[in-house]
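In our numbering, the protein residues as written are 82 to 488.
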Amino acid sequence: MVINGERLISHLKDVREFTDTPGNGVTRFSYSENDSKVREYILDKARSAGCSIETDAVGNIRLGLKNNTDSQKIIVCGSHIDTVRNGGWLDGIYGSLSSLEVMLTLSENSYSGRYGFETVIFAEEEGSNFGSTMTGSKFITGIYGDEDLDRLKDDSGRTLREYLSIDSLPDDIIWDFDRYRAMFELHIEQGPVLDRENIPIGIINAVFGMRTVEITVTGVGNHAGATPMSERFDALSAAALCILSAEKIVSEDPDRRTVATAGKMSISPNCSNVIPESVTFTLEIRDSDIHKIDSYMEKVLDEIRNICADRKCTVSIREHSKGAPVILNEDIRKRMIKTAQKKNLTYKVMDSGAVHDAAMIAPHIDTGMIFVPSIEGRSHVPFEDTKTEDLVTGAQFLLDVITGEME
Ligand code: GLV
Ligand code: MN
Ligand code: MN
Numbered sequence: 082m083v084i085n086g087e088r089l090i091s092h093l094k095d096v097r098e099f100t101d102t103p104g105n106g107v108t109r110f111s112y113s114e115n116d117s118k119v120r121e122y123i124l125d126k127a128r129s130a131g132c133s134i135e136t137d138a139v140g141n142i143r144l145g146l147k148n149n150t151d152s153q154k155i156i157v158c159g160s161h162i163d164t165v166r167n168g169g170w171l172d173g174i175y176g177s178l179s180s181l182e183v184m185l186t187l188s189e190n191s192y193s194g195r196y197g198f199e200t201v202i203f204a205e206e207e208g209s210n211f212g213s214t215m216t217g218s219k220f221i222t223g224i225y226g227d228e229d230l231d232r233l234k235d236d237s238g239r240t241l242r243e244y245l246s247i248d249s250l251p252d253d254i255i256w257d258f259d260r261y262r263a264m265f266e267l268h269i270e271q272g273p274v275l276d277r278e279n280i281p282i283g284i285i286n287a288v289f290g291m292r293t294v295e296i297t298v299t300g301v302g303n304h305a306g307a308t309p310m311s312e313r314f315d316a317l318s319a320a321a322l323c324i325l326s327a328e329k330i331v332s333e334d335p336d337r338r339t340v341a342t343a344g345k346m347s348i349s350p351n352c353s354n355v356i357p358e359s360v361t362f363t364l365e366i367r368d369s370d371i372h373k374i375d376s377y378m379e380k381v382l383d384e385i386r387n388i389c390a391d392r393k394c395t396v397s398i399r400e401h402s403k404g405a406p407v408i409l410n411e412d413i414r415k416r417m418i419k420t421a422q423k424k425n426l427t428y429k430v431m432d433s434g435a436v437h438d439a440a441m442i443a444p445h446i447d448t449g450m451i452f453v454p455s456i457e458g459r460s461h462v463p464f465e466d467t468k469t470e471d472l473v474t475g476a477q478f479l480l481d482v483i484t485g486e487m488e
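Now the structure itself:
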């Protein structure tokens with residue numbers, strides 16, 4: 082069976098237009114108008130193929146192949162459709178629309194194999210609204226529960242419960258994992274390895290874990306012209322030193338794997354002629370080893386406390402979210418390697434520095450992930466891109482794995 086590569090690319094190009102920032106990358110937060118438009122776009126294609134459609138209370142969608150029977154175990158494939166602010170046109174949506182493409186191809190070929198097939202679209206993977214990644218998959222796996230609907234708030238204080246307009250979370254939000262034989266997520270690499278080595282397929286071993294904290298440094302606001310340099314307690318200068326210390330400490334990792342990022346900051350009062358009174362920023366640390374994540378985080382936080390004490394600023398640290406690294410299923414990995422060899426595709430077994438919904442599902446269902454190259458290794462930015470032939474190869478490989486090695 083062969084997927085329709087032209088159709089996949091044309092679907093990707095269509096939905097690229099559903100953005101809040103035309104001309105400056107794709108900005109499509111979950112629960113926004115453009116998110117709804119992409120959902121409707123996908124549902125429309127699924128309806129035309131006679132698929133079953135189910136949307137849960139937090140907005141995860143499941144589409145079932147028309148020929149699925151109740152007695153069959155299901156292979157589920159999918160990803161997310163939301164983006165970061167001014168993100169790229171492929172992160173998440175590529176895996177989602179490739180899964181749709183696989184489903185359309187199976188449907189057109191009246192496929193009836195040993196396993197049934199579903200496409201899943203996970204809600205709020207990027208955490209763009211609430212700062213917590215993989216929200217949809219955390220609800221279906223029970224990591225998040227009803228109380229998180231109030232805990233998760235956007236920058237204006239609006240809760241997830243308010244977004245969803247629900248009183249309580251239904252019990253059936255958690256998947257019946259016994260229904261499933263396997264889960265696959267196809268994704269762009271978002272890093273430089275495959276592109277640099279000119280390899281079309283990445284087969285994933287581990288998905289990095291991450292721990293995120295929110296740090297508030299408070300100094301003394303004052304007049305920017307009248308306050309001598311020796312009499313300042315500038316919260317932003319202290320925060321700058323804190324961020325540089327995180328960069329320095331984590332850069333010394335002998336394995337050169339651990340990464341630290343301060344990606345979000347708010348400054349108060351944020352006026353050019355006022356010494357900043359307080360600064361809040363996020364700090365996340367990622368690695369494939371949870372002990373390293375924790376030990377680097379403790380080292381960095383100790384140093385941040387020292388820096389703030391030195392500068393006579395106060396510091397408060399709030400744990401925001403934490404996800405452990407996950408090793409994906411070895412049998413599935415071997416099956417994917419076999420398919421790559423049969424199809425004469427060069428592949429590389431590698432880890433994922435980005436987090437993915439598949440890692441939340443992996444403890445419950447045998448799970449595999451496939452990467453295609455990202456040009457110049459760039460992602461989460463408008464530049465994000467992948468060669469057309471690589472996009473098509475990845476989707477075809479997904480179909481080949483499902484119809485070949487999983488039979
Ligand atoms: C998700 O894209 C992440 O790894 O932050
Ligand atoms: Mn993604
Ligand atoms: Mn992403």
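Every residue, glycine too, gets a C-beta built ideally from N, C-alpha and C.
Looking at residue 319 and residue 388, is the spacing between their C-beta atoms short of 8 Å?
The answer is yes: Cβ separation under 8 Å.
(Q) I'd like to confirm something about residue 268: is its beta-carbon nearer than 7 Å to some heavy atom of ligand 2, or not? (A) Result yes, Cβ under 7 Å from ligand 2.
Excluding sequence positions up to five away, which residues of its chain have a Cβ less than 7 Å from the Cβ of residue 218?
Only residues of its own chain outside the window of five on either side were considered, and among them 203, 438, 441 and 442 have a CB closer than 7 Å to the CB of residue 218, listed in chain order.
Q. So residue 119 and residue 159 are in contact, right, with Cβ under 8 Å, and what is the actual spacing, rounded?
A. Their Cβ separation, rounded to whole angstroms, is 13 Å, which puts residue 119 and residue 159 out of contact at 8 Å.
What span of residues does the beta strand (DSSP E) with residue 349 cover, start to end? From DSSP, the beta strand (DSSP E) with residue 349 extends over 346-349.
- request: Kindly list the residues whose CB is nearer than 8 Å to the CB of residue 486, restricted to its own chain and excluding five residues on each side of it in sequence; keep chain order.
  value: Result list for residue 486: 416, 417, 419 and 420, in chain order.
Exercise. Quickly, what does DSSP pair residue 310 with across the bridge? List them, please.
Key: Answer is none; residue 310 lacks a bridge partner.
Checklist entry - Skipping 5 residues on each side, what residues in its chain have a beta carbon closer than 7 Å to that of residue 110? => result So the qualifying residues of the chain are 116, 163, 209 and 210.
Distance, residue 271 Cα to residue 207 Cα: The alpha-carbon atoms of residue 207 and residue 271 are separated by roughly 14 Å.
Original post:
Can you list, in chain order, every residue whose CB sits closer than 5 Å to a heavy atom of ligand 5?
Top reply: Ligands displayed in this structure: ligand 1, ligand 2 and ligand 3; ligand 5 is not among them.
field: CA-to-CA distance, residue 316 to residue 394, given in whole angstroms
entry: In this structure, the straight-line span from the alpha carbon of residue 394 to that of residue 316 is close to 7 Å.
Tell whether a beta-carbon distance below 8 Å holds between residue 276 and residue 458.
A contact, by the Cβ cut-off of 8 Å.
Using the Cβ count rule (16 or more neighbours within 10 Å means buried), how would you classify residue 392?
Result: buried.
Figure out for me which residue from 465, 480 and 453 has the closest Cα to the Cα of residue 274.
-> Out of 465, 480 and 453, the CA that lies nearest to the CA of residue 274 is found in 453.
Flag residue 462 as yes when its Cβ comes closer than 7 Å to any non-hydrogen atom of ligand 1, and as no otherwise.
Not under cutoff, so the answer is no.
For residue 464, which of 107, 87 and 82 has the nearest alpha-carbon? The shortest C-alpha separation from residue 464 is found at 107.
According to the neighbour-count rule (16 or more other Cβ atoms, all chains shown, within 10 Å of its Cβ), is residue 335 buried or exposed? Flag for residue 335 reads exposed.
Straight-line Cα distance separating residue 83 from residue 294
Using only the alpha carbons, I get a separation of about 46 Å.
field: Nearest neighbour of residue 330, chosen from 177, 468, 471 and 381 [CA to CA]
entry: Among 177, 468, 471 and 381, the Cα nearest to that of residue 330 is on 381.
### Query
Is there at least one non-hydrogen atom of ligand 1 closer than 7 Å to the beta-carbon of residue 436?
Residue 436 Cβ: within cutoff of ligand 1.
Going by beta carbon distance, what residues of the same chain come within less than 8 Å of residue 175, once the five residues before and after it are set aside?
Excluding sequence positions up to five before and after residue 175, its CB lies within less than 8 Å of the CB of 93, 160, 267, 268, 269, 453, 467, 472 and 475, all in the same chain and listed in chain order.
message: Applying the 10 Å Cβ sphere with the 16-neighbour rule, what's the burial state of residue 178?
response: For residue 178, the number of other beta carbons within 10 angstroms of its own is at least 16, and it is reported as buried.
In the DSSP assignment, find the alpha helix (DSSP H) that holds residue 389 and state where it starts and stops. Residues 371-391.
Say whether the segment 190-197 touches the segment 146-158, bearing in mind that this needs 3 or more beta-carbon pairs closer than 8 Å, one atom from each stretch.
The segment 190-197 and the segment 146-158 touch, with no fewer than 3 CB-CB distances between them shorter than 8 Å.
Discussion item. Quick check: is any heavy atom of ligand 1 less than 7 Å from the C-beta of residue 295?
Written reply: Flag unset: Cβ of residue 295 not near ligand 1.
If you draw a straight line from the C-alpha of residue 322 to the C-alpha of residue 340, how long is it?
Distance between the alpha carbons of residue 322 and residue 340 is about 17 Å.
With H, G and I counted as helix, E and B as strand and the rest as coil, what does DSSP make of residue 293?
Per DSSP, reduced to three states, the secondary structure at residue 293 is strand.
* Asked: So is residue 423 buried or exposed if we call it buried at 16+ other beta carbons inside 10 Å?
  -> Label assigned to residue 423: exposed.
Next item on the list: Please state if the CB of residue 287 and the CB of residue 407 are separated by a distance shorter than 8 Å.
Entry: In this structure, residue 407 sits near residue 287, with a CB-CB distance shorter than 8 Å.
Q) Below 8 Å between beta carbons: does that hold for residue 282 and residue 430? A) Not in contact: residue 282 and residue 430 (Cβ atoms no closer than 8 Å).
task: Return yes when the Cβ of residue 182 is within less than 8 Å of the Cβ of residue 124, no when it is not.
output: No, they are not a contact pair.
Would DSSP call residue 488 helix, strand or coil? DSSP places residue 488 in coil when its eight states are reduced to three.
| said: If the criterion is Cβ atoms closer than 8 Å, does the pair residue 214 and residue 225 meet it? | reply: Taking 8 Å as the Cβ cut-off, residue 214 and residue 225 do not qualify as a contacting pair.
- prompt: Would the C-beta of residue 465 count as close to ligand 3, meaning under 7 Å from any of its heavy atoms?
  reply: Incorrect: residue 465 has no Cβ contact closer than 7 Å to ligand 3.
For residue 395, the residue or residues it bridges with in DSSP: Looking at the DSSP assignment, residue 395 forms a beta bridge with 299.
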